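**Student:** The sequence shown begins at 1 in my numbering and counts up by one. Encoded as structure tokens, here's the structure I'll be asking about.
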Amino acid sequence: MEDRIGTGKALLILFLSIVVLVFAQGLAGLIYLIPFPGVILPIFYAALCVVLAYWAVNQLCKKVLKLTLRECRIDKPKIEVKWLVCAFVLPIAVIALLVSTPGEFVYNDIKAGEAIKNVIAAIFVAGFAAGVVEEMAFRGVIMKTLEMRWGKGVAIVVPSVIFGLLHAIGSNLHALDLLMLFVGGTSVGIMFSLIVYQSGSVWNSAIVHGVWNCMMIGNVLTIGPSNNENSIFSYILSSESTLLTGGKFGVEVSIVAILGYLFVITLILYSMKKQTGV
């Protein structure tokens, strides 16, 4: 049985894990000051961000938490087929449902070079970098820390709540927007946490997280109540209902997306129950 840790140490590790995110993203962002071609900058940023985060997480695990990366479920990358399938089916289903509601497709006629930059940034920055770094911190270090201090229930819920609340920083949201963000952010966080528990590896949640970001917020197709001129395509929703649009935060926390998260959560819980025979 793993040694339990004190509350003070658990809170310190939680704080330091957030610092790791800021450190990796901030330091890697300096690469944009270098006059490289714009097409390759996102690739360099993503690679540097992941390397810095991996190094920092490794130090945090070994020197503060006194565990190996493997014990924090950050083992060698190995993706299960079912989670690779889920990574694509979930956002495609949500997008399909959203564009089936009344609205208008818009092609923003941006230059080919800018469109290529958007696609590369979607894959490497929104997808690869954000997915891997956030999952190592939240579903790797933070979840393991809280599990050792307070058990699995707290380890699943608390990082998910924090994950949702962090996305509210600087968003200037109204009460209903905040409620949608809280419910949506917590739901998707619980989904990621359960994927890690069910698979035993953060890489499976990272692939689901990364593909979701790439498809939903990558400025390739933007869905919302107004046109995003920086996106290659936009689908302008006719409805202004916060339930459908997700409010100011966007369709990631719309009722359609939330139902998608809850559907995956239900399937995982059923699978885990079936495996344990409880």
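Beta carbons are placed, not taken as given, at the ideal position from N, Cα and C, and that holds for glycine. Quick caveat: nothing in here was measured; it's all calculated off a predicted structure.
(1) What's the gap between the Cα of R149 and the Cα of R70?
(2) Indicate, with yes or no, if the ligand ADP has a heavy atom lying under 8 Å from the CB of T145.
(3) Give a yes or no on whether 9 Å exceeds the smallest Cβ distance from K273 to chain E.
(4) What are the boundary residues of the beta strand (DSSP E) that L221 is part of?
(5) I'd like to check one pair, G113 with G38: are the Cβ atoms closer than 9 Å?
(6) Just the C-alpha distance for C49 and I120, rounded to the nearest angstrom, thanks.
(7) From I13 to I162, what does the alpha carbon distance come to, in whole angstroms?
(8) Roughly how many angstroms lie between the CA atoms of L194 and K63, to the nearest whole one?
(9) Among the residues of its own chain, which have a CB less than 7 Å from the CB of A24, if the five just before and after it don't count?
(10) Taking the alpha helix (DSSP H) that Y235 belongs to, which residues open and close that run?
(11) When the distance is taken between beta carbons, is Y235 closer than 9 Å to P99?
(12) In angstroms, rounded to a whole number, what distance separates the CA positions of V141 and I74?
(13) Would DSSP call V22 helix, strand or coil?
(14) When we look at the beta-carbon of T222 and count the other beta-carbons within 10 Å, is it buried (16 or more) or exposed?
(15) May I ask you to list the residues that DSSP assigns as paired with V106?
(16) Would you kindly work out how many angstroms separate the C-alpha atoms of H174 and Q275, rounded to a whole number?
(17) CA-CA distance, S17 and C61?
(18) Ends of the alpha helix (DSSP H) at P91?
(19) Can you find the residues in the same chain that come closer than 6 Å, C-beta to C-beta, to V94, ignoring five residues on each side of it along the sequence?
(20) Taking G131 as the reference, give the member of G250, L267, M216 and T245 with the closest Cα.
(21) Near C86, which residues of its chain fall below 7 Å by C-beta distance, leaving aside the five closest residues on each side in sequence?
(22) Any chance you could list the beta strand (DSSP E) runs of at least 3 consecutive residues sitting entirely within the region 24-72, in chain order?
(23) Could you round the C-beta distance between F192 and R139 to whole angstroms and report it? I think they count as a contact, below 8 Å.
(24) How many Å lie between S239 and T101 at the Cα?
(25) Please classify D177: does DSSP put it in a helix, a strand, or coil?
(26) Using CA coordinates, which residue listed in V202, S160 and G29 is at the minimum distance from G184?
(27) With distance defined between alpha-carbon atoms, name the residue in S241, K144 and V125 nearest to A28.
**Tutor:** Reading off the structure:
(1) 18 Å
(2) By its list of ligands, the structure shown contains no ligand whatsoever, and the ligand ADP lies outside what it can speak to.
(3) Here there is only one protein chain, and chain E is not present.
(4) L221 to G224
(5) yes
(6) 15 Å
(7) 14 Å
(8) 27 Å
(9) C49, L52, A53, A56 and V133
(10) No alpha helix (DSSP H) holds Y235; the beta strand (DSSP E) holding it covers F233 to L237.
(11) Reading off the sequence shown, one finds Val at residue 99, where the question assumed Pro. Yes; because the gap between Cβ atoms is below 9 Å, this pair is in contact.
(12) 9 Å
(13) helix
(14) buried
(15) S234
(16) 42 Å
(17) 10 Å
(18) V81 to V99
(19) V256, A257 and G260
(20) M216
(21) V208 and V264
(22) none
(23) 6 Å
(24) 8 Å
(25) helix
(26) S160
(27) V125
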